[in-house]
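Chains as they are written, first to last, in my numbering: chain U, 1020 to 1663; chain C, 620 to 987. Glycine residues also receive a C-beta, built at the ideal position from the N, C-alpha and C atoms.
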């Protein structure tokens, strides 16, 4: 027994040692959990204890270049419920339902939901301040009012396509709101209270307020005054012509800054659901692409001048009314042609054969090289959603005919913004800028500029000298040529008309054109480039010089006034003054089709009466003299009554 | 060698008292939320624990003055009594179901857990049996096998409740006793090997068991299921840090951690008093083990030595498993922390066992 007892003692000693080792192991494990894992566990535990009442970040404002608010916020608090903290849900639901205007049983469901935090959406979502203060004054324990805001566009449909809109969660959905959503939206903050597992507030732990990071204010290059002028003129054009659509862009040619941009049909961003999605999804000035027509001739002209292919004053071109290319006769819009002209007159008259000649002198490689350099066939890189690229002939497939039509703007497809950017380069001294709208990011609290965007010159396309010649030629177009509808005394407006044929399924539509005008001023040092296009204007001759040129003239002159640009004195004088009583002979248009009328160019306003495509009679009669720009009334019929 | 009747071991008594005081404080702190919520009385658990402790301390005083050798004679009777209770508790109408197990017997507040008593009854009987049949212990068939059959009979009855935790503690304690009594190491290896084979067979037959066992290794793989209690326990222990959140500062006791006043009281202790407090309690248990085993080593008779080591083993195994669970070392079993956790049967029984242990310390011999 004694011997055995020694064994027992040995065993007991071993047990003691093992026990001591176990205590040490437990202490090490405890230390590991509390020190090494402690921080991570604390974070996780805090997440499990805390219930966040979200604090939405104020979305940044969108301002014009003079800090006028174009998109802002109005306070629209949201109601949240912490069901575990609500003592008498029945009573609370009844009172809350009355204030929110929601069914009582629905509110009761919210207040008894097995969730730590319930959003009372939609009735309690983004309500107005009055309602919120009523909810607050109910004083129901467990009902929280979270600061929130709703997007507000103080000017309604103004600049709507560019601004776009933000959704209920303040997320940018279209336009600049989407393009710059990240910077505009900021970061959500929250008030966290700590709660037990049943959702009741832990009184001994303070609430933690994590401040939301407000979104930055975006200052645009848009000039609210210029934009207002554009909106006004498009409204007027819409009322006058009932077009299928209309658009206008104004740009500062020396930087690529967009001063104004608008299109019709438009929409109110706060009620965007009132219009079909294609209306708010398509920002036409950057999205649409179509055949530019004559405005494209500016590119051909600039290239020919830069390459010294033509001398505006001294080289001549004889236009018999058509030009034959590879056996195909390409007609000038003027029946019978313009006859012998200088190249300056070719430009003034927008003479198609003359431009074909210029294109032929350049050759396809050089002309297409210029078209590429002027930025066609690719995105301009403007900071807006959904920009189109346009379509050019594949240089491989360009034969003499394609070269010829391209020279006067047919058979190519371009976007409005491409044209504005390219023409700006042609008249600003030859520098192609990347157009942009977002100018500066401003700290909403301090008002300090966080970052500002500087103009980005992409290419030097033509020389200063050439650019000067282009301006000279285009000023003559407005003063003496097809663009005279845009003439406004003292502003030295230069520009070019365009009448684009709309192709549908590979065929050109009859009597359905996009008429356009691109203008700039003052011609000695352009401060603004304006492009306007009216899609299928009704009850008028569909011609850019008639419909679009006066609109651009008004936009430019009014804009330069508000921009503080001085009037010039040394302008190219208009051939006939606006208020001249000079009379012109009325041409004989009886028996002509509307298409022919359209292809011709008459400096008159047309009033149509009757149904049909053929002019049966006219008033005044042929040969009678009327004031230039006066009204000719046409009586239409399907059958020709004259034996023309 | 002289033999004296000495005063009780003061260090042992002191560590025990410290644990009891800390236990009362923690039962109060951990139980406030639940007590307030369920009984409209934040002191509910404290009050009851105080009563249990009073009863337990009375038992302890009486037993510390009762010569432990008395139990040698009574142990077979006590064991039979425990077996009868274990059978009775399984009968619906007599045994009461609480927490999914039919573990309780008695009326209302005066109910007991027979399995708790079986732990002590088994320790006494084994100490008696192994003392009497000491020579046979080295034989597998004649010494070990009858004991093993007895242990597994008790274990089987406990598992029918079912109460795996208590069954495991009892079995573990029995093995400590067998080891202390001098059973052959070789036999332990054989038993261990058989156990491993059995376990492997269970796992192969139903692989989900392995997943359940290993889920504690990565509780986040099933945070709302098997990992839930471990995660909630770690959320208490981890943020405690060095000094803790302060007495009463626990957040996990607010319904995050189930049973904060019983099985997870150590987690609340670690949360409120940090490494300092929780570590101190572990050290107290270490001291308790040391003094208890010291008594076992110095008591002159085999029965006393085995009884003391059995009691120490039982208490320490519970500490090991409980703290292991709380700190994520073991899968959740449902074992209380001796002297600290809320619970009448457990506390009174442990204090009674403590009284027996204290009595044994009176009989320690001193060597010159």
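Spanning the alpha carbons of residue 1385 of chain U and residue 1446 of chain U requires a straight line of approximately 20 Å.
In this structure, the straight-line span from the alpha carbon of residue 662 of chain C to that of residue 800 of chain C is close to 45 Å. The way I'd put it, the segment 1449 to 1467 of chain U does touch the segment 1267 to 1282 of chain U; three or more beta-carbon pairs between them come closer than 8 Å. Residue pairing by DSSP places residue 1554 of chain U opposite U/1264 and U/1533 in a beta bridge. Taken through DSSP and simplified to helix, strand or coil, residue 823 of chain C comes out as helix. The three-state reading of DSSP puts residue 1348 of chain U in strand, counting E and B together. Residue 1026 of chain U sits exposed, since fewer than 16 C-beta atoms from the chains shown fall within 10 Å of its C-beta.
In the three-state DSSP reduction, residue 1056 of chain U falls in the coil class, being neither helix nor strand. Look at residue 1053 of chain U: its C-beta is under 9 Å from a C-beta on chain C. Under the DSSP assignment, residue 803 of chain C falls outside any beta strand (DSSP E); it carries neither an H nor an E label. Residues of chain U with a Cβ closer than 7 Å to the Cβ of residue 858 of chain C are, in chain order, 1057, 1060, 1061 and 1064.
With the criterion set as a beta carbon lying under 9 Å from some beta carbon of chain C, the segment 1261 to 1292 of chain U has no members that meet it.
Taking CB atoms only, residue 928 of chain C has a neighbour in chain U less than 9 Å away.
The beta carbon of residue 855 of chain C sits closer than 7 Å to the beta carbons of 869, 871, 876, 886, 887, 889 and 890 from its chain, once the five residues preceding and following it are set aside; these are given in chain order. For the segment 868 to 894 of chain C, the set of residues with a beta-carbon nearer than 8 Å to any beta-carbon of chain U comprises 868, 870, 871, 873, 874, 875, 889, 893 and 894, in chain order.
The straight-line gap separating the alpha-carbon atoms of residue 1542 of chain U and residue 1356 of chain U is approximately 29 Å. Under a 10 Å Cβ-count criterion, residue 1147 of chain U is classified as exposed, with fewer than 16 other Cβ atoms of the shown protein chains found around its own Cβ. Non-local C-beta neighbours of residue 695 of chain C in its own chain, meaning closer than 8 Å and more than five positions away in sequence, comprise 744 and 747, ordered along the chain. Distances from the alpha-carbon of residue 982 of chain C to those of C/945, C/967, C/914 and C/946 put C/914 closest.
Measuring C-alpha to C-alpha distances from residue 1510 of chain U to each of U/1504, U/1576 and U/1558 identifies U/1576 as the nearest.
Interface flag for residue 687 of chain C against chain U is unset, since no Cβ pair is found closer than 9 Å.
For residue 1450 of chain U, the enclosing beta strand (DSSP E) starts and ends at 1450 to 1452. Within the DSSP secondary-structure output, residue 1073 of chain U pairs in a beta bridge with U/1209. Within the same chain, Cβ atoms closer than 7 Å to the Cβ of residue 1656 of chain U are found at 1629, 1631, 1633 and 1635, the five residues on either side in sequence being excluded. Between residue 854 of chain C and chain U, the shortest Cβ-Cβ separation is below 9 Å.
With its beta carbon at least 9 Å from every one in chain C, residue 1136 of chain U lies outside the interface.
Three or more Cβ pairs closer than 8 Å define a contact, and the segment 956 to 969 of chain C falls short of that threshold against the segment 806 to 824 of chain C. At a Cβ-Cβ threshold of 9 Å, residue 1288 of chain U and residue 1090 of chain U count as neighbours.
Looking at the DSSP output, residue 1093 of chain U sits in a beta bridge with U/1169. For residue 1211 of chain U, no chain C residue has a Cβ inside 9 Å of its Cβ, as the nearest lies near 13 Å away. Distances from the alpha-carbon of residue 1318 of chain U to those of U/1369, U/1406, U/1261 and U/1082 put U/1369 closest.
Taken in chain order, the unbroken stretches of beta strand (DSSP E) that lie wholly in the segment 1243 to 1296 of chain U and span 3 residues or more are 1264 to 1270 and 1277 to 1283. According to the DSSP assignment, residue 1335 of chain U belongs to the beta strand (DSSP E) that extends over 1335 to 1338.
In the three-state scheme derived from DSSP, where H, G and I count as helix and E and B as strand, residue 1164 of chain U is classed as strand.
In the structure shown, residue 952 of chain C adopts coil according to DSSP, grouped into three states. With respect to residue 934 of chain C, residue 911 of chain C sits close: the two C-beta atoms are nearer than 9 Å.
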